[in-house]
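Asks:
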Amino acid sequence: MAGRRSISALAQKQLYVLVDLDGVMADFDAHFLAKWRQKYPEEPYVALEDRKTFYLVDQYETLKEGLKPKLKSVYETKGFFRELPPIEGACNAVKEMNEMEGVEVFICSSPLFFYKYSVKEKFEWVEHYLGKDWINRTILTRDKTVVNGHILIDDNVKIKGALNQPSWEHVVFTAHYNKEMNLRGKKRLNNWTDGSWRELIMDFKRRL
317 MAGRRSISAL
327 AQKQLYVLVD
337 LDGVMADFDA
347 HFLAKWRQKY
357 PEEPYVALED
367 RKTFYLVDQY
377 ETLKEGLKPK
387 LKSVYETKGF
397 FRELPPIEGA
407 CNAVKEMNEM
417 EGVEVFICSS
427 PLFFYKYSVK
437 EKFEWVEHYL
447 GKDWINRTIL
457 TRDKTVVNGH
467 ILIDDNVKIK
477 GALNQPSWEH
487 VVFTAHYNKE
497 MNLRGKKRLN
507 NWTDGSWREL
517 IMDFKRRL
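To convert, count from 1 in the sequence shown and add 316; that's my numbering.
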């Protein structure tokens with residue numbers, strides 16, 4: 317992993333994997349769309365297969381000006397994050413990954429700037445779907461670049477923060493809005509169901 321900040325010698329004995337929550341383990345987009353159409357049936361919407369931007373506000377604002385307050389009223393509402401459905405295969409895969417020899421997995425997620433509900437509910441989601449022990453494996457931060465690890469599995473193609481060269485290598489989890497984006501050499505993980513994540517992890521282990 318040339319060119320990246322080195323992790324301590326102790327950490328090098330283990331492969332540290334950081335896994336994003338929304339859009340990687342929890343289906344933010346599908347849940348938002350269902351809630352949006354329920355709450356604002358008269359407003360335009362973007363079908364999942366037509367999503368083109370990471371931040372849904374950016375795309376919805378092209379449909380009609382002034383939608384941002386309504387959009388925020390959906391995903392900033394109490395219960396929204398707690399009720400996110402898991403992405404197929406994600407929870408079982410992450411649990412299995414953490415049981416692999418020499419692998420440590422941590423959830424690494426960014427709460428909303430309006431954090432009143434999202435922080436608490438992300439922890440509740442993790443406890444409900446992964447178990448109480450995973451609370452100690454959950455990192456919530458607005459800047460993922462300062463978190464140590466070897467891999468970050470995240471659907472956001474452009475992760476920015478204080479560090480230009482974080483310790484981790486970014487593996488992009490495929491979503492509707494990023495499937496046609498130029499990843500500039502980054503690896504992809506398309507899903508949790510076909511078992512390809514196992515070879516991905518083994519490849520990184522061989523490189524330690």
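We treat Cβ as the ideally placed atom computed from N, Cα and C, and that holds for glycine.
It should be emphasised that the depicted structure is a prediction, and the values quoted were computed from it without experimental measurement.
(1) Pull up the DSSP beta-bridge partners for D338, would you.
(2) Any chance you could list the alpha helix (DSSP H) runs of at least 4 consecutive residues sitting entirely within the stretch 355 to 442, in chain order?
(3) Mapping the DSSP letters down to three states, classify K476 as helix, strand or coil.
(4) Which of the three DSSP states is assigned to V536 in this structure?
(5) What residues match up with I451 in a beta bridge as DSSP calls it?
(6) With DSSP run on the structure shown, which of helix, strand or coil describes R523?
(7) From F344 to F397, what distance separates their C-alpha atoms?
(8) Go to H486, then tell me how far its beta strand (DSSP E) extends in each direction, as first and last residue.
(9) Taking D470 as part of the beta strand (DSSP E), name the residues at either end of that continuous run.
(10) Starting from Y332, follow its DSSP beta bridges and name the residues at the other end.
(11) From the DSSP output, which residues share a beta bridge with L456?
(12) Suppose contacts are defined by Cβ-Cβ distances below 7 Å. Is V487 in contact with I467 by that definition?
(13) For R353, list the residues DSSP reports as bridge partners.
(14) Assuming L334 contacts G465 under a Cβ cut-off of 8 Å, what Cβ separation, rounded to an integer in Å, is found between them?
Replies: On the basis of the data shown:
(1) D338 has A342 as its beta-bridge partners, per DSSP.
(2) Qualifying alpha helix (DSSP H) stretches, in chain order: 372 to 379, 384 to 391, 406 to 415.
(3) When DSSP states are grouped into helix, strand and coil, K476 belongs to the coil group.
(4) Coverage of the chain is limited to positions 317 through 524, which leaves residue 536 absent and any answer about it impossible.
(5) Partner(s): none; I451 has no beta bridge.
(6) Of the three classes helix, strand and coil, the one that applies to R523 here is coil, per DSSP.
(7) Linking F344 to F397 through their CA atoms gives a straight-line distance of about 8 Å.
(8) Its beta strand (DSSP E) spans residues 485 to 489.
(9) In the DSSP annotation of this structure, the continuous segment of the beta strand (DSSP E) that includes D470 starts and ends at 467 to 470.
(10) E420, per the DSSP bridge assignment.
(11) Paired residue(s): S425.
(12) Between V487 and I467, the gap from beta carbon to beta carbon is short of 7 Å.
(13) Looking at the DSSP output, R353 sits in no beta bridge, so it has no partner there.
(14) About 4 Å separates the two Cβ atoms, so the contact holds.
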